[in-house]
Structures are given as C-alpha cells and as structure tokens.
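Asks: Chains as they are written, first to last, in the numbering used here: chain A, 1 to 276; chain B, 277 to 552.
Each residue gets a CB set at the ideal place from its N, CA and C atoms; glycine is no exception.
This structure is in structure tokens; I'll ask about it shortly.
Number of protein chains: 2
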Amino acid sequence: MILDGKIVAQSVYEEIKAEISTLSKKPKLWVILVWNNPSSLRYIKQKQKWAEYVGIEFELFAFEENVSEKVLLEKVHLLNTDTNISGYIVQLPLPKHINEKNIIRSIAPEKDVDGFHPENQWKIVIWDTSGLAPCTPAGMMELLKYYNIEVSGKNIVIIGRSNIVGKPIANLLINASATVTICNSKTQNIEFYTKNADIIITAMGKPHFLTVEKIHPKSIILDVWFTVIDEKIYGDSDFENIVKNGNAITPVPGWVWALTVSCLMKNTLKAFKRIN
Amino acid sequence: MILDGKIVAQSVYEEIKAEISTLSKKPKLWVILVWNNPSSLRYIKQKQKWAEYVGIEFELFAFEENVSEKVLLEKVHLLNTDTNISGYIVQLPLPKHINEKNIIRSIAPEKDVDGFHPENQWKIVIWDTSGLAPCTPAGMMELLKYYNIEVSGKNIVIIGRSNIVGKPIANLLINASATVTICNSKTQNIEFYTKNADIIITAMGKPHFLTVEKIHPKSIILDVWFTVIDEKIYGDSDFENIVKNGNAITPVPGWVWALTVSCLMKNTLKAFKRIN
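In structure tokens:
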C-alpha cells in the first residue's frame, strides 16, 4: 500500500480553505526572500500557489543577494513590531555572509510560522501545543493521522538523528506515547531494531538501505530523506520490493515537501487567529 | 558495583576549584529566591555551600511570598542588563500566582546557569555546546564519563519521558551516538527493551519496578527518580538484588541532586568566563 502524502496535503488544504471561507478577514503570509538561490524562488512560488489556493494572501519582501545581516535584522524587527503582521517566514538558505541562526532567533516566536525559532522547536519537545510547530515533522504527523496509523504504545524506529527531521519527529512521537528508538550510523545490529518495529522512519540519505529482509511484513515505512545520484532520486528504502512485500510505504520524493507546505499554511492560519 | 554520584560530583568540584584558583577574579552566582517553600531554602543553602567550596561568590536577592510577577520580571530585567552579572538562577518552585514559564523565558539565555531557558534546552537537542546545558541531564552525563561508560553505539533504554529528565537525557545521548529507546507507561512488553539494553535509565516513580528478571546481567542501571512512601524513599529499581546480581547501579536518592548542583557550578564558571 502506498501512503500518499500529496493526498494528505490536499486534505489539509481543504480543511484550511473551509475554515478560512468562514472568516470575515483573510489571513496573510509575509515572506522575506533574498535572491541568492534559484531553488528558493521555486519554493516560494509553490508556497504562494498553495497560499492563494486556500485563501491566504501573500506578500513578498525581496532583498538583493548582497543585503547585510543588519538590514535583514531591521526588517525582521519591523515585522515583529507591526501589529498588523500575524505570521511571516524568512526563506532559507540565506547567503553565507548572513548568520541564519541570528536571523531565526530574532523572529518573534508567535509570528514564526515556519516553526524554526528555538522556542517553537523546544515546545514540541515538551508537548506545549501553544507554539507554531516546525512544519516538516508536523506534516509527518498529519500523514499518520490521515491514515489512522496508531502510534500510542507502538514500537517506532527512526533511523537518522538530524535536527530537522529525526530528533523533532522523535520528540513528537514520544509525546504521542509511542515507544521510540532513534538509531544512527553507530548503531550495532540495526536489523534487531527494524525487524521488530511497527513503524520505521528512515532519514539517512543511504539509497535503498532498508530492504525487505530488514523489516517485518507488517511494518509501515515512512521514507523521508532522498539522495540524488546521476540525476536520479533515491529514497532510503527499496520501495518497489517493499510495496510488493505488502508493506505500507511512502514514495520518494515529494511527500515530505507537500506536507511541509501544508503545515506552513496551517501555522499561518493559527498565527492569524491569535491576533484576529 | 555501585556508581556513586557524590564521588563524581566531588571530582567535578575539584576540577572547578582548580580552575578558579588560577583566575584573577572570582566568579559569582546570583540567586533570586522567593520565600514560599521551606525546601527552596534548603536547596539554596546547599548551593551556597558548594559555591563557596569551589570559590564562587554567592549573592541572594530575597523576595516575600506575595511578590508580584511584575516585580520579579523587573528584577530579572535588571540582572539581564547589568553587565557585571554573568550568571544567575531563579530558585523554583515559585508561588502559584507567578507564571514560572514567563520568568524562565525572560532570563537572558547566556546568564541562565540553570539551563532552563528554551534556547538552552533546545541547544542540547541540536548538539550546540555554546549554551548552558540543563544541570540534571548534564550531571548524568558526568557520571557516565567519570566511570568511562561508553555510550556511542550502545543500546540505551530510558523509561520515562519527562521534560526535565527523560527527554533531555535522551537527546544528549542521541548526540553522543547512542541508540536510544524511550519507553513510557504505554510501552508494550517492556522487558523486550530492558533485557537487551546496555544501559537502562529509569525515571518513572514506580518503586522497585525494575527487577533482576527484567535486565541483562551486564546492564548498567541509572535509577533517577525516587518515590516517598511512609517516609521511606524508593527508587525505580530493586537496588539490593540488582547489586547482588553484579550489575553496576546508582543508589537512590542523592546522586542526581549532587550532580545537578555540581553542573550548576560548572555553568556558573562557564557564564563567568564568557564575559571575563
């Protein structure tokens, strides 16, 4: 069975759209973009497309690549103090002469709809739902919810301990009462863990590492990371054989990004409702 | 074998003391105390004792129990902006009419020697060692280091997912390349996890839950939580029989608190060195 993140994202969008249609005022998303990276522009266009689809207005503040950190911080400060602005993002990555951490920690946490500010990141660790959750792990939780995949009491194995995927999703699942094991490249006898898992989340960047032999026939696989080799995209799992084996699995790539953007819109609406 | 946290704490103190003896100026710890809780006073006295032992000066700002949140926040702001003050703590718990979270997130992270501010808590998740680590999990890492207990590649099982113990120590151990499993009250077949663990950390509050039958003869046990029943103190482990079984284990209570205070002094020195 294929777990289709794009269908899940669409259902998140329909939910947001329905709610926004009942509001007297439209939410809005403000975006700070530095023209330094062609992929940033592509990402922003997709975000704009989905914002408009659900009824969220979109405004871009664009800066030249040589913009100073000081100027960006001033803009961030302006957006923080402007009471009309409910939520905004700073599109990453930023040029190398700018310290991304400084920028992120300067964003007012209650307007940080990407959920990148340390306060928002820490809130998902301590299960404080008042914050704006980081969109990528939040999106993964949407997928599990959509497919009614129970996590409480389940044995969930996460392979990979990155700060943007492995650790935040681990903490969200711990809060959802799963028994969570976080493996890494130093893990000995990884099959001991994967063969006993109800759910396996791979976020390593090792093409086709997870084979049928390493999993239980009933395991559900969320394949998060992807690797590009000779312009071909590979997930961490041997997708085709795992599907043939009858396991439920997400196809790589696309599903994580689709869900990430849908959760950005969810956060934008949440931030808007806080002040309206 | 008994893992003695008090010996470890003493060794941390000797290390700090030796370093301070080489400094031309003495570090100092400032403390905000609200007179609402007899145990707060006891804790503060112990902190003062160890501060003086290692050569850290100690200054108390005491407030009556009915102090307003506003007045406390003003004091916090003063300490934040006073460039002579390198590190301070607000002794918890605070009276119920004061929002502890508001106070904690108002402390300047670089002066927050308890490591309670969200920024410091988040830094241990992402393995950013520039912060001031929360003292309790940091103290547990000191114990592992002192006894040369290798964690990289090891199977470590944590029972309990509290925000002050289970989750921070899990994240520290993940960063130290351990394979970490976090169990909770919903975990099914917990012996499957504990019997295969190299190290077990219990932080549940279930007296003598962990018996010899549930563990491997070579498992190392860190018993963190304690429960008081009829004025007797119980850990989560059947300490006596586990010792007889030949496992290494920490005795309850005392070791966690001893190490927590030693790491408070370590943070105080670190914060002092930042500005001196």
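#1: Do you know offhand how far Pro385 of chain B's Cα is from Lys323 of chain B's?
#2: Between Ser106 of chain A and chain B, is any beta-carbon pair separated by less than 8 Å?
#3: If you follow the alpha helix (DSSP H) that Ile56 of chain A is in, where does it begin and where does it stop?
#4: At a CB distance below 7 Å, what residues from the region 396 to 419 of chain B approach chain A? Give them in sequence order.
#5: Can you give the beta carbon distance from Lys351 of chain B to Phe337 of chain B, rounded, assuming they're within the 8 Å contact cut?
#6: Skipping 5 residues on each side, what residues in its chain have a beta carbon closer than 8 Å to that of Ile509 of chain B?
#7: Under the DSSP definition of a beta bridge, which residues are partnered with Lys232 of chain A?
#8: Return the CA-CA distance between Ile182 of chain A and Trp311 of chain B, expressed in angstroms with no decimal places.
#9: What do you get for Asp358 of chain B, buried or exposed, if any count of 16 or more other CB atoms within 10 angstroms of its CB means buried?
#10: Taking the continuous alpha helix (DSSP H) assigned at Asn431 of chain B, which residues delimit it?
#11: Can you name the start and end residues of the beta strand (DSSP E) that Leu72 of chain A belongs to?
#12: Along the chain, where does the alpha helix (DSSP H) containing Val8 of chain A start, and where does it finish?
#13: Flag this pair as touching only if the region 512 to 526 of chain B and the region 373 to 391 of chain B have three or more C-beta atom pairs under 8 Å; answer yes or no.
#14: Residues of chain B with a CB under 7 Å from the CB of Gly87 of chain A: which are they?
#15: With a threshold of 8 Å between beta-carbons, can Arg161 of chain A be considered close to chain B, or not?
#16: Would you mind reading off the limits of the beta strand (DSSP E) that contains Val31 of chain A?
#17: Report yes or no: do three or more beta-carbon pairs, one from the region 164 to 171 of chain A and one from the region 133 to 146 of chain A, lie closer than 8 Å?
#18: Quick check on Val441 of chain B: does DSSP put it in helix, strand or coil?
#19: If you reduce the DSSP assignment to three classes, tell me which class Leu540 of chain B lands in.
#20: Is Tyr193 of chain A helix, strand or coil when you go by DSSP?
#21: Tell me which residues share the same chain as Ile320 of chain B and place their Cβ nearer than 8 Å to its Cβ, disregarding the 5 neighbours each side in the sequence.
#22: Measure the C-alpha to C-alpha separation of Ser262 of chain A and Glu15 of chain A and round it to an integer number of angstroms.
#23: For Asp112 of chain A, which beta-bridge partners are listed by DSSP?
#24: Could you tell me which residues DSSP pairs with Thr478 of chain B in its beta bridges?
#25: From this set, A:Ser39, A:Ser40, A:Lys25, which residue's C-alpha is nearest Gly55 of chain A's C-alpha?
#26: What are the residues of the region 175 to 189 of chain A that lie near chain B, defined by any Cβ-Cβ distance shorter than 7 Å?
#27: Below 7 Å on C-beta distance, what does Asn171 of chain A contact in chain B?
#28: Tell me which residues share the same chain as Asp112 of chain A and place their Cβ nearer than 6 Å to its Cβ, disregarding the 5 neighbours each side in the sequence.
#29: Look at the alpha carbon of Gln464 of chain B and the alpha carbon of His492 of chain B, and state the distance between them as a whole number of angstroms.
#30: Using a Cβ-Cβ cutoff of less than 7 Å, which residues in the same chain neighbour Ser297 of chain B once the five nearest sequence positions on both sides are dropped?
#31: Quick one: does Pro118 of chain A have its CB under 8 Å from some CB of chain B?
#32: By how many angstroms is the C-alpha of Val151 of chain A removed from the C-alpha of Leu143 of chain A?
#33: Quick check: the Cα distance between Phe392 of chain B and Ile380 of chain B, rounded to an integer number of angstroms?
#34: Any idea what DSSP makes of Ala454 of chain B, helix, strand or coil?
#35: Val343 of chain B to Asp128 of chain A, Cα distance in whole Å?
Replies: Looking at the atomic coordinates:
#1: Roughly 20 Å separates the two Cα atoms.
#2: By the rule that beta-carbons nearer than 8 Å mark a contact, Ser106 of chain A does not touch chain B.
#3: From DSSP, Ile56 of chain A is part of no alpha helix (DSSP H); its letter is neither H nor E.
#4: Listed in sequence order: Gln397, Trp398, Val401, Ile402.
#5: Rounded, the Cβ-Cβ distance is 6 Å, consistent with contact.
#6: Result list for Ile509 of chain B: Phe502, Thr503, Val528, Pro529, in chain order.
#7: In DSSP, Lys232 of chain A forms a bridge with A:Ile229.
#8: Distance between the alpha carbons of Ile182 of chain A and Trp311 of chain B is about 43 Å.
#9: Exposed, because fewer than 16 other Cβ atoms sit within 10 Å of the Cβ of Asp358 of chain B.
#10: Counting along the chain, Asn431 of chain B sits inside no alpha helix (DSSP H); it lies in the beta strand (DSSP E) bounded by residues 431 to 435.
#11: For Leu72 of chain A, there is no enclosing beta strand (DSSP E); the residue is found in the alpha helix (DSSP H) stretching over 69 to 81.
#12: Where Val8 of chain A is concerned, the enclosing alpha helix (DSSP H) stretches over 5 to 20.
#13: The region 512 to 526 of chain B makes no contact with the region 373 to 391 of chain B: fewer than 3 CB pairs, one atom from each, lie closer than 8 Å.
#14: Simply none; closest approach about 19 Å.
#15: At least one chain B Cβ lies under 8 Å of Arg161 of chain A.
#16: Looking at the DSSP string, the run of the beta strand (DSSP E) that includes Val31 of chain A is 28 to 34.
#17: Because the criterion of three Cβ pairs below 8 Å is met, the region 164 to 171 of chain A and the region 133 to 146 of chain A touch.
#18: Looking at Val441 of chain B - three-state DSSP - the assignment turns out to be coil, as it is neither helix nor strand.
#19: Secondary structure of Leu540 of chain B (DSSP, three-state): helix.
#20: Reduced to three states, the DSSP call for Tyr193 of chain A is helix.
#21: Val307, Leu309, Leu336, Gln367.
#22: Each residue's alpha carbon lies about 10 Å from the other.
#23: The partner list for Asp112 of chain A (beta bridge, DSSP) reads A:Tyr88.
#24: The beta-bridge partner set that DSSP reports for Thr478 of chain B consists of B:Ile435, B:Asp499.
#25: Per the Cα distances, A:Lys25.
#26: For the region 175 to 189 of chain A, which is checked against every Cβ of chain B, the residues closer than 7 Å are Ser177, Thr179, Val180, Thr181, Ile182, Cys183, Asn184, Lys186, Thr187, Gln188.
#27: Residues of chain B passing the Cβ test: Lys443.
#28: Once the five neighbours on either side are set aside, the close Cβ partners of Asp112 of chain A are Asn120, Leu132.
#29: Their Cα atoms are separated by approximately 18 Å.
#30: Hits under 7 Å: Gly331.
#31: It does; some Cβ of chain B falls within 8 Å.
#32: In a straight line, the C-alpha of Leu143 of chain A is about 12 Å away from that of Val151 of chain A.
#33: Approximately 7 Å, taken between the alpha carbons.
#34: Ala454 of chain B sits in coil when the DSSP states are folded into three classes, being neither helix nor strand.
#35: Straight-line Cα distance between these residues: approximately 27 Å.
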